[in-house]
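Undergrad:
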Amino acid sequence: MQIKIYTDGAARGNPGSGGWGAIVVSGTVTELGGREDHTTNNRMELLAVIESLNFVYKVQKTRNKKLTIYTDSSYVLKGASIWIHGWQNTGWKTKAKQDVLNKDLWQRYLQVASGLSIDWQLLPGHSGISANERCDEIATTFADGKRLDLYSGALTNYKIDLSVSLGSQAKSSKSKSPRSTKPAYSYVSFVNGMAKTHKTWSECEARVKGVSNAKFKKALSREEEMAIIAGWTGV
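Numbering follows my numbering, in which position 133 of the sequence shown is assigned residue number 134; successive positions increment by one, without gaps.
Right, dumping it as structure tokens:
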């Protein structure tokens with residue numbers, strides 16, 4: 002059985018008091034939530050994921066390694082599925098040689114997500130999706146320092162509608178067709194220590210063909226292009 006996790010985060014002031022909320026569905030349903038006195042929205046979005054994975058693997062002690070995580074944070078989705086690989090290659094430094102923002106949480110995420118197969122789904126926020134709205138309610142209530150009863154029990158007794166079809170609303174980070182058939186955002190080449198981007202494969206091929214130790218790769222997005230370059234150049 003595949004586990005589904007819905008998450009959200011909130012901060013009052015950004016930075017300010019913050020909270021996070023999550024719903025873990027695995028036959029039973031468990032709502033989770035927490036707060037910090039001085040934080041940001043992005044940290045709370047990411048902490049919701051981390052604490053949910055901690056719950057699944059430390060409390061439930063399940064061996065299930067396939068999960069679907071629903072988030073309305075493109076920062077979390079792109080960070081976890083794209084950017085994090087470049088950050089590891091650059092020693093957690095940005096192009097400006099500064100520490101990656103929220104490095105401590107991203108490193109915690111790597112630990113709890115190790116070995117997992119995660120299908121990331123990006124939800125449109127505040128669009129009437131019941132599970133997402135409930136996570137937002139949990140996060141904002143904790144951010145405000147108020148009390149809230151969190152559900153833990155049978156799926157059949159849970160009052161929040163989790164059966165909403167997300168197919169037309171969620172955007173998945175998983176490929177729905179082979180990578181080779183997807184249109185390229187660009188092609189990236191690496192020759193003699195210098196990376197370049199190309200709009201067409203023929204341009205890229207002309208640069209790398211016959212060159213010793215040359216590298217090249219297809220990028221499907223601007224974010225992936227940047228991650229490839231960062232991985233090769235360390236900047």
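Cβ coordinates follow ideal geometry from the N, Cα and C atoms, glycine included.
Note that the structure is predicted; figures quoted are calculated from it, not measured.
Using only CA atoms, which one of 42, 46, 155 lies nearest to residue 31?
TA: For the residues 42, 46, 155, the minimum Cα distance to residue 31 belongs to 155.
Undergrad: Strictly by DSSP, which residues pair up with residue 13?
TA: Bridge partners of residue 13: 18.
Undergrad: Just mark residue 206 as buried or exposed, buried being the case when its beta carbon has 16 or more other beta carbons within 10 Å.
TA: Exposed is the call here.
Undergrad: Taking the alpha-carbon of residue 115 as reference, which of 81, 103, 209, 139 has the nearest alpha-carbon?
TA: Of the listed residues, the one whose Cα sits closest to residue 115 is 81.
Undergrad: Please say whether residue 223 and residue 186 have beta carbons closer to each other than 8 Å?
TA: Yes. Within cutoff.
Undergrad: Ends of the alpha helix (DSSP H) at residue 199?
TA: Element bounds for residue 199: not the alpha helix (DSSP H) but the beta strand (DSSP E), 195-199.
Undergrad: When you compare only the Cα positions, how much space is there between residue 147 and residue 12?
TA: Cα to Cα, residue 147 sits roughly 14 Å from residue 12.
Undergrad: Relative to the alpha-carbon of residue 159, which residue among 106, 15, 28 has its alpha-carbon at the smallest distance?
TA: Considering only alpha carbons, the answer is 28.
Undergrad: Using only CA atoms, which one of 37, 84, 9, 83 lies nearest to residue 70?
TA: For residue 70, the nearest C-alpha among the options comes from 9.
Undergrad: Using the beta-carbon count (16 or more within 10 Å), is residue 77 buried or exposed?
TA: Buried, since its Cβ has 16 or more Cβ neighbours within 10 Å.
Undergrad: For the beta strand (DSSP E) containing residue 218, list its first residue and its last residue.
TA: 216-220 is the extent of the beta strand (DSSP E) around residue 218.
Undergrad: So the candidates are 14, 136, 202, 142; which of them puts its Cα closest to the Cα of residue 46?
TA: Measuring from the Cα of residue 46, the nearest candidate turns out to be 136.
Undergrad: Compute the Euclidean distance between the alpha carbons of residue 118 and residue 110, then round it to the nearest angstrom.
TA: Near 14 Å, if we compare the C-alpha coordinates of residue 110 and residue 118.
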